[in-house]
Amino acid sequence: MTETTSAGEARVLRVGLIGYGLAGAAFHAPIIASTPGLELAVVVTSRAEAAAEVARRYPGARVAPTVDDLFAPDDLDVVVVATTNDSHVPLARRAIEAGTAVVVDKPVAPSAREARDLAASAAERGVPLTVFQNRRWDGDFLTLRDLLRSGVLGEVHRFESRFEFWRPEATGNWRESGDPTALGGVLYDLGAHLVDQAVELFGPVVEVRAETDVRRTGTSADDDAFVALRHRSGVRSHLWMSAVAADQGHRFRVLGSAGAYTSDGLDPQEAALVAGRVPGDGRPWGLAEPPRSGRLTRGETVEEVPVRAGDYPAFYAAVERAVRTGGEMPVGVAAAADVLDVLAAARTSAVTGTVQTIG
């Protein structure tokens, strides 16, 4: 039931953000702050430079040096966990125990079992829980989803998807740690998005084969990976993740019985957020400059398909609506756990050189 102020208006939901690294600063804070009905009330960071940036960009937000300080006033409606991957579960549990709705950055947990246990704890306490799978709101993904729903490609048999970059020098951050508990490397960092998108489009996975490699000096985590999936639907997905691709392949390539679709380039929202833009700043959001188009090929006919605007703000708008009304959160933890099953199978396949089955 929606709470209201004395003036009869819906009360703004107070959000606490744990972590102000790349994820917290670029992806979460600006979208939370620009979402109607949400207030970025508290940000947890122990870094002085991050605290100064929070004070500058979000003067109404309180900076808390520790998680204990975040929960001390006990007046939050939503807690967002945007920290290192290995800390997601304990921090999410802390928020669940406090009775606040919880948003956890991907991957939600180190394993599918831990993700399901977390979901069970949230359900037992009646706490809304969701996972930040923002790439479901990439414009090119939304465009492809619309195209598949239209049936114009006929029966799809192959889906190819890539996140490839050229970063030949290791940076030394935690994402490049080879420690399995840190969930570093491109398989878990980028694969969490690619597998999620593939499962969203084509359903559960029954077979996994993968290859991973470490190409750069100064890192022990995989920086180049390939994953082949067979879906229960019969579709085969081929997914590439790389930090060492000087020339990038198609973002999407889909082959069907009636045609094919290809799309190049990356959704512009990440670059816009990193550059300091905020949704609702008066300029068009989620559109590339110049505008992007995909190519639909049917026989001799090639048609340009304009790429839709991306819409990361839709995630937090859905969170606000779900918390206020008791409805469904935007990304179910069950789906995120299924993705973790696939990633674990991919890691095993890469190490053993064997095909892994699921389910």
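For reference, each letter of the sequence shown is one residue, going 7 to 365 in the working numbering. All residues carry an ideal CB built from backbone N, CA and C; glycine is no exception.
- The beta carbon of Thr41 lies closer than 7 Å to those of Pro319, Tyr322, Ala323 and Glu326 in the same chain, with the five residues before and after it left out.
- Taking a cut-off of 8 Å on C-beta distances, the stretch 155 to 171 touches the stretch 195 to 203, as three or more cross pairs fall below it.
- Distances from the CA of Gly282 to each of Glu15, Ala35 and Arg20 were compared; the closest alpha carbon is that of Ala35.
- Within the DSSP secondary-structure output, Ser248 pairs in a beta bridge with Glu170 and Asp230.
- Taking C-alpha positions only, Arg62 is separated from Ser93 by approximately 27 Å.
- By the 16-neighbour rule on beta-carbons within 10 angstroms, Thr223 is exposed.
- Inter-residue distance for Ala54 and Val73 is about 16 Å (C-alpha atoms, whole angstroms).
- Looking only at Val313, Glu217, Ala227 and Gly27, the smallest Cα-Cα distance to Gly271 is reached by Val313.
- Within the same chain, and ignoring the five residues on either side of Ser52 in sequence, the residues whose Cβ sits closer than 8 Å to its Cβ are Pro71 and Thr72.
- Annotation: the stretch 262 to 319 contains the following complete segments of the alpha helix (DSSP H) (minimum length 4 residues), in chain order: 275 to 280.
- For the stretch 83 to 126, the full-length alpha helix (DSSP H) segments reaching 4 residues or more read 94 to 104 along the chain.
- As computed with DSSP, Leu23 is found in a beta bridge with Val49 and Val86.
- Look at the beta carbons and you see the stretch 138 to 156 not touching the stretch 219 to 236: under three pairs across the two are nearer than 8 Å.
- Under the three-state reduction of DSSP, Glu213 is assigned to strand.
- For Val345, the enclosing alpha helix (DSSP H) has its first and last residue at Val339 to Thr358.
- For His256, the secondary structure class from DSSP, reduced to helix, strand or coil, is coil.
- The continuous alpha helix (DSSP H) containing Arg63 extends over residues Ala54 to Arg63.
- Restricting attention to Ile38, Tyr64, Arg353 and Val48, the CA atom closest to the CA of Glu213 is found in Arg353.
- The three-state reading of DSSP puts Leu193 in helix, counting H, G and I together.
- The beta carbons of Trp246 and Phe258 sit about 11 Å from each other, so the pair does not count as a contact at 8 Å.
- With 16 or more neighbouring CB atoms inside 10 Å of its own CB, Pro336 falls in the buried class.
- Separation of Val205 and Ala278 (C-alpha to C-alpha, rounded to the nearest whole angstrom) is 27 Å.
- In the DSSP secondary-structure assignment, Ser243 is bridged to Phe165 and Leu235.
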